[in-house]
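Just so you know, the sequence shown maps onto residues -16 to -1, 1 to 596 in mature numbering (1 follows the signal peptide of the UniProt record, and there is no 0). The beta carbon of each residue, even a glycine, is placed where N, CA and C say it ideally should be. Since the structure is predicted, the reported quantities are computational estimates derived from the model, not experimental observations. This report concerns only the one structure given below.
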Amino acid sequence: MAISAAIFFLVTACTALHLSACSQVKVLHDGGSNMGICAGNTYARWREVCCEDGSILTPGDPSMQCCGGRVFVPKHFSCCNGSLFHEPGLSCCNGIPYNPVNSSCCLGRVTNISEMVSDCCESVAYNPVTQVCCDGHIHPLLPHSDCCHTELYDTETKLCCGHLSSRVVVDRPSKHHVCCGNISYNKCNQDCTAQLKVVDIDNSCQEKPLGSEDQVIFQLSTVKRMDRALCSRTGDYLKNCGWDCWFDPGTERCCVNMTSHSGQPYGHGQTCCEGNLTSTPGLPEGKCCGSVGYDPRTHICCGGQLSGKAPDKLECCGVEPYSVLDPYTLCCNGELYTNDISGYEGWECAEEGPYYPPLDTKCGSILYNEPGQHCCGHQTYHPEKDLCCEGHRWRGERRPGMECCGALPYDSADPHLRCCSGNLHKLRGLKRDRVGCCGTHLITDGRQQQCCTSPDMQLPYPRQSGFSCCGHFYYNASQHSCCAGLLRGHPGKASIPLAGNSRSCELLTLDNLKTHDLCNKAVGNSVFVGTVESMAVRNGTRHVALSRVLTSRRNNVTLLGSLKMLSLDHCGCPPLTLGRQYLWISKGTTWIMVDLSAIHSPVHALLSRCCL
């Protein structure tokens, strides 16, 4: 039923049936939830979009945005400089679209390194894990190094001397050498004058025994009676109250303003709120409503606003007090609605206000005059025929093999499509055995690209010799080491000798898990799902206790009645989170791990891979 026809039908039906709720329904339909104001003009939110410049575009719905005179769905497209691009999640860099997952924007220039782990060196992005920026020049990061203007120098053998604008690197023959102007000198037998000239002196670095003239004598201080004139306070046993006052803890309390750190002593009948004192007579201390104290017997605080307390209005709705027993009021999303004629019996709350389920269906912010409908975002849909993908309705797409990839439907059996964490990619012209997912990004050639994965992020990098992954960081193994997903500054020092039964780990996402590994029916293959209950680290081995374990072998799923214990290479495995569910696949001396915490219906997702 069209919206306009539905409104007419509802109003005429209400008039004929004399329904008490119709007056409010008519208000909602004609001037309320389906209409909006755009730069002073009324527009229909179910079929129009209000743009930032005040223009109104059609057709559209509340899930759409404007881009250069056109409407678009942000989950399908990106907008840059008024142009649309068929890839979601892009950012704009001086009019150029780029993906922050694999690129960065520095002073209007795009560099092929993820914005998630990069810094800018003027107009070029760099990796601070392996590189350093010295006044606009990028250098490989070396041990014991620092910047001297545009140069990188070894702090153990060199010094950076001179004025800030003209610093130079000079030799450092010993640890006693320091700077004097733009040269170095030995502070043990030389001195630097105010004119920046080096002169010889007696050796001042020789150690000498501590003589009586050098000894320091300590004596206990005595606590005396306090007599402080600050804020006119005198007496025994006073304590500090802020930076400028004192109070007697036996009879008073201290109120400190955390901005000025000024203190005020106070007592019975006063209330301290955010460093401000309010008189609340008759109470040892009242309650706070923001920075104002109040008597809860006479007032109520709602959303930071004080109101007089009425005996029948003891609850808050946003900033207004109200009664949950009042049939003529309804609190929805912190906003109080009042209907003195028909009341709100049978009404319910939706995203943008109340609606009447016997007559309406509320989908998102749009009200439909069709009761009992299923919702997909802001639209009604038929779940037995349509596919709903992240709030977007796809008519007639409910058929075998069709699944959602983000907000788009796709045929999961199509060999030319790959879904990577909600982003759909086309594989035409690519070799399937070389492609893979890295978060939302598609690895087009695994020989040239490396995906580094941590429990919360996956980032792609160009492959480099001598580099390894540590979580989602890509590091130079000659400069750093990695233990349990944490980078360390000393190469080769993170590892600890392992027990013979410890295994290393490979953390993957479900997108990247090979069906062969998951569904291998070999006798020795071990596949199971378990929840991390506890962990202990001993002698470089992480002992993990798994509960609620489901084992799978040859498509037979079994519930394990006891704990399952695993021994992992502590440094060679990523950190695990207590209470999270993981998939474990035994592959040689390695455990393949998949974090299932963000996957809806993980058991179905796993079994469907092997049964299809």
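### Query
Excluding five sequence neighbours on each side, which residues of the same chain lie with their C-beta closer than 8 Å to the C-beta of C454?
Walking along the sequence shown from the start, residue 454 turns up at place 470. If we look at C454 and ignore the five residues flanking it on each side, its Cβ neighbours are C436, H464, C466, G469, L470 and L471.
### Query
Is C467 helix, strand or coil by DSSP?
Taking the sequence shown and counting its residues from 1, the one referred to as residue 467 is at position 483. Three-state result, C467: strand.
### Query
Skipping 5 residues on each side, what residues in its chain have a beta carbon closer than 6 Å to that of L590?
The residue labelled residue 590 in the question sits at position 606 within the sequence shown. So no residue of the chain qualifies.
### Query
Are the stretch 404 to 414 and the stretch 89 to 100 in contact at 8 Å, needing three or more beta carbon pairs?
no
### Task
Locate the beta strand (DSSP E) running through C118, then write down its first and last residues.
Against the sequence shown, residue 118 aligns to sequence position 134. First-last of the beta strand (DSSP E) with C118: Q115 to C118.
### Task
Could you work out which residue in Q357, G327 and G348 is closest to P341 when comparing CA atoms only?
Within the sequence shown, residue 341 is the residue found at index 357, counting from 1. Here the closest residue by C-alpha is Q357.
### Query
With respect to the beta strand (DSSP E) encompassing H500, which residues constitute its N-terminal and C-terminal limits?
In the sequence shown, residue 500 corresponds to position 516, counting from 1. H500 -> not in any beta strand (DSSP E); alpha helix (DSSP H) instead, spanning T499 to C503.
### Message
Assuming Y515 and L530 are in contact, meaning their beta carbons sit under 8 Å apart, how far apart are those beta carbons, in whole angstroms?
### Response
Within the sequence shown, residue 515 is the residue found at index 531, counting from 1. Within the sequence shown, residue 530 is the residue found at index 546, counting from 1. Note that residue 515 corresponds to Thr in the displayed sequence, not to Tyr. Their Cβ separation, rounded to whole angstroms, is 6 Å, which keeps T515 and L530 in contact under 8 Å.
### Query
Thinking just about the alpha-carbon of each residue, which of Y137, C90, T255 and C132 is nearest to the one in S150?
By 1-based counting over the sequence shown, the position of residue 150 is 166. When each option's Cα is compared against that of S150, the closest is C132.
### Task
Tell me D553's beta-bridge partners as DSSP assigns them.
Looking up residue 553 in the sequence shown gives position 569. The partner list for D553 (beta bridge, DSSP) reads T525.
### Query
Do residue 667 and S546 have their C-beta atoms closer together than 7 Å?
What is shown of the chain runs -16 to 596, which leaves residue 667 out entirely.
### Message
Given this structure, state the Cα-to-Cα distance separating N241 from G53, to the nearest angstrom.
### Response
As a working note, residue 241 is residue 257 in the sequence shown. As a working note, residue 53 is residue 69 in the sequence shown. So the alpha carbons of these two residues sit roughly 52 Å apart.
### Task
Give me whichever residues DSSP pairs with C373 in a beta bridge.
As a position in the sequence shown, residue 373 is number 389, starting the count at 1. Bridge partners of C373: H376.
### Task
Evaluate contact between the stretch 288 to 295 and the stretch 260 to 271, counting only Cβ atoms and requiring at least three cross-stretch pairs below 8 Å.
no
#### Entry: Pair within 7 Å by beta-carbon distance, C239 and L261
As a position in the sequence shown, residue 239 is number 255, starting the count at 1. As a position in the sequence shown, residue 261 is number 277, starting the count at 1. For C239 and L261, yes; Cβs fall inside 7 Å.
#### Entry: Minimum length 3: unbroken beta strand (DSSP E) runs contained in the stretch 43 to 71
49 to 51, 54 to 56, 62 to 64 and 67 to 69
### Query
How is D155 classed by DSSP in three states: helix, strand or coil?
Position 171 of the sequence shown holds residue 155. Here D155 sits in strand by DSSP.
### Query
Could you give the distance in angstroms between the alpha-carbon of V108 and the alpha-carbon of N460?
Counting from one through the sequence shown, the residue named residue 108 turns up at place 124. Counting from one through the sequence shown, the residue named residue 460 turns up at place 476. Distance between the alpha carbons of V108 and N460 is about 20 Å.
### Message
What does the Cβ neighbour count give for C440, buried or exposed, with the cut at 16 atoms within 10 Å?
### Response
Reading the sequence shown from its first residue, position 456 is the one you call residue 440. A quick correction: the sequence has Asp, not Cys, at residue 440. Exposed is the call here.
#### Entry: Cβ-Cβ distance between C577 and L491 below 7 Å
Locating residue 577 in the sequence shown gives position 593, counting from the first residue. Locating residue 491 in the sequence shown gives position 507, counting from the first residue. The sequence given here has Met at residue 577, not Cys. Yes, they are a contact pair.
### Message
Alpha carbons only, please: which of D501, C256 and K498 is nearest the one belonging to D279?
### Response
Working through the sequence shown from its first residue, we reach residue 279 at position 295. Comparing Cα positions, the closest option is C256.
### Task
Determine the contact status of P355 and T345, defining contact as a CB-CB distance below 7 Å.
Numbered from its first residue, the sequence shown carries residue 355 at position 371. Numbered from its first residue, the sequence shown carries residue 345 at position 361. Yes, the pair counts as a contact, with Cβ atoms nearer than the cut-off.
### Message
On the CB-based measure, 16 or more other CB atoms within 10 Å of its CB, does H376 come out buried or exposed?
### Response
Along the sequence shown, one-based indexing puts residue 376 at 392. Flag for H376 reads buried.
### Task
Determine the extent of the beta strand (DSSP E) in which Y82 is found, giving its start and end residues.
In the sequence shown, the residue the question calls residue 82 occupies position 98. Segment I80 to Y82, the beta strand (DSSP E) holding Y82.
### Query
Within the 7 Å Cβ cut-off, does V516 reach chain D?
The chain inventory of the structure shown lacks chain D, comprising one protein chain alone.
### Message
Taking a contact to mean a Cβ-Cβ separation below 7 Å, would you say C64 touches C50 in this structure?
### Response
The count along the sequence shown starts at 1 and reaches residue 64 at position 80. The count along the sequence shown starts at 1 and reaches residue 50 at position 66. No; because the gap between Cβ atoms is not below 7 Å, this pair is not in contact.
#### Entry: For N496, the nearest candidate out of V528, T424 and L544 (CA to CA)
Residue 496 sits at position 512 when you count from the first residue of the sequence shown. That would be T424, whose Cα lies nearest to the Cα of N496.
#### Entry: Backbone CA spacing between M19 and G79 [nearest angstrom]
Here residue 19 corresponds to residue number 35 of the sequence shown, with the count starting at 1. Here residue 79 corresponds to residue number 95 of the sequence shown, with the count starting at 1. Taking the straight line from one Cα to the other gives about 34 Å.
### Task
Please determine, among G24, M48 and L560, the residue with the shortest C-alpha to C-alpha distance to G38.
By 1-based counting over the sequence shown, the position of residue 38 is 54. Per the Cα distances, G24.
### Message
By alpha-carbon positions, which one of T499, G327, D395 and W230 ends up nearest to R383?
### Response
Reading the sequence shown from its first residue, position 399 is the one you call residue 383. Comparing Cα positions, the closest option is D395.
### Query
Under 7 Å between the Cβ atoms of S349 and E335?
Reading the sequence shown from its first residue, position 365 is the one you call residue 349. Reading the sequence shown from its first residue, position 351 is the one you call residue 335. In this structure, E335 lies closer than 7 Å to S349 by Cβ.
### Task
Look at the alpha carbon of S592 and the alpha carbon of I40, and state the distance between them as a whole number of angstroms.
Here the question's residue 592 lines up with position 608 in the sequence shown. Here the question's residue 40 lines up with position 56 in the sequence shown. For S592 and I40, the distance between alpha carbons rounds to 45 Å.
### Query
Taking the continuous beta strand (DSSP E) assigned at R237, which residues delimit it?
Position 253 of the sequence shown, counted from the start, is the residue given in the question as residue 237. Per DSSP, R237 belongs to the beta strand (DSSP E) from R237 to V240.
#### Entry: Cutoff 8 Å; reference G44; Cβ partners in own chain excluding five residues on either side
The sequence position of residue 44 within the sequence shown is 60, counting from 1. These residues qualify, in order along the chain: R31, E32, V33 and V55.
### Message
Out of Y110, E374, L68 and S67, which one is the CA nearest neighbour of S87?
### Response
Against the sequence shown, residue 87 aligns to sequence position 103. Checking every option, the nearest Cα to that of S87 belongs to Y110.
### Task
Taking K181 as the reference, give the member of L298, K142, H366 and G165 with the closest Cα.
As a working note, residue 181 is residue 197 in the sequence shown. Nearest of L298, K142, H366 and G165 to K181, Cα basis: G165.
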